[in-house]
Amino acid sequence: MPKEITPVHHPDRRTDVVMPYAPGIVVRRGRLVFLSGITAAAVYHSHPHREEEFDLPASMREQAVLAMENLKKTLEAAGCGLRDLVAATRFLTDVREQDDLNRVWADYLDGHLPTTTTVEVSRLATHPRCKIEISAIAVSDDGSPEMADAPSGSPATLGPPRRSRRGPR
22 MPKEITPVHH PDRRTDVVMP YAPGIVVRRG RLVFLSGITA AAVYHSHPHR
72 EEEFDLPASM REQAVLAMEN LKKTLEAAGC GLRDLVAATR FLTDVREQDD
122 LNRVWADYLD GHLPTTTTVE VSRLATHPRC KIEISAIAVS DDGSPEMADA
172 PSGSPATLGP PRRSRRGPR
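The letter at position 127 of the sequence shown is residue 148 when you use our numbering, and the numbering goes up by one with no holes.
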């Protein structure tokens, strides 16, 4: 069954301003996909962190492009795309760089407007060089073909299986 999402606007909506988000979205049908915080760093990196895995560009624009590419790849692994985003929380280490992020955001979303909250934080947990982290929720069609092969109740495979650090029980 196809997803059904509807942007919500106030009766006094202003159409003379450009906004990078919708004030609200109603989801009537679809499969919810929740994404962990995504940064410009590789989605799969060592824990504890290894310094060599965080050779990141200094500019917000470049980090935003890398983060959006990581977001796109994760969505695709779940059978979704950027146009399936319904909500995003964007954490920035310097809110003055929000316009740079918004330009990249607009380029990638191409007119699609999920609900968006932007929060300034003093530091992101991933690494001190990370300037942006995006947590998101998407809605895809029920029973999308990409996920149909997974047994009921099993998680989508987003990468190589994790090796346990624990020994035998």
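Heads up, the beta-carbon is just placed ideally off N, CA and C, and yes, glycines get one too.
**OP:** Assign Ser-161 to buried or exposed, taking buried as 16 or more other Cβ atoms, counted over all protein chains shown, within 10 Å of its Cβ.
**Re:** buried
Subject >> Per-residue burial, Arg-111 [other beta carbons within 10 Å of its own, 16 or more giving buried] >> reply: buried
**OP:** Please report how far the alpha carbon of Met-76 lies from the alpha carbon of Ala-63, in whole angstroms.
**Re:** One detail in the question is off: residue 76 reads as Asp in this sequence, not Met. If I take the Cα positions, the gap works out to 10 Å.
**OP:** Could you have a look at Arg-150 and say whether DSSP puts it in helix, strand or coil?
**Re:** coil
Subject >> Thr-27, DSSP secondary structure in three states >> reply: strand
Original post:
Can you tell me the Cα-Cα spacing of Ala-108 and Glu-72, whole angstroms?
Top reply: Straight-line spacing of the CA atoms in Ala-108 and Glu-72 works out to 31 Å.
Subject >> Cβ neighbour criterion (16 or more within 10 Å) applied to Val-140 >> reply: Looking at its Cβ environment, which holds fewer than 16 other Cβ atoms inside 10 Å, Val-140 is exposed.
Subject >> 8 Å Cβ cutoff met for His-148 and His-31 >> reply: no
Subject >> Segment limits, alpha helix (DSSP H) that includes Leu-96 >> reply: 81-98 is the span of the alpha helix (DSSP H), which, as asked, contains Leu-96.
Original post:
How is the beta strand (DSSP E) around Leu-106 delimited, first residue to last?
Top reply: 106-113
**OP:** Would you kindly report the start and end of the unbroken alpha helix (DSSP H) that includes Val-116?
**Re:** Run containing Val-116: none; DSSP gives neither H nor E here.
Subject >> Euclidean distance between Cα positions of Pro-28 and Phe-55 >> reply: 19 Å
**OP:** Could you tell me the distance, in whole angstroms, from the CA atom of Val-86 to the CA atom of Val-125?
**Re:** 6 Å
Original post:
Ends of the beta strand (DSSP E) at Phe-55?
Top reply: 52-59
**OP:** May I ask you to report which of helix, strand or coil DSSP gives Val-140?
**Re:** strand
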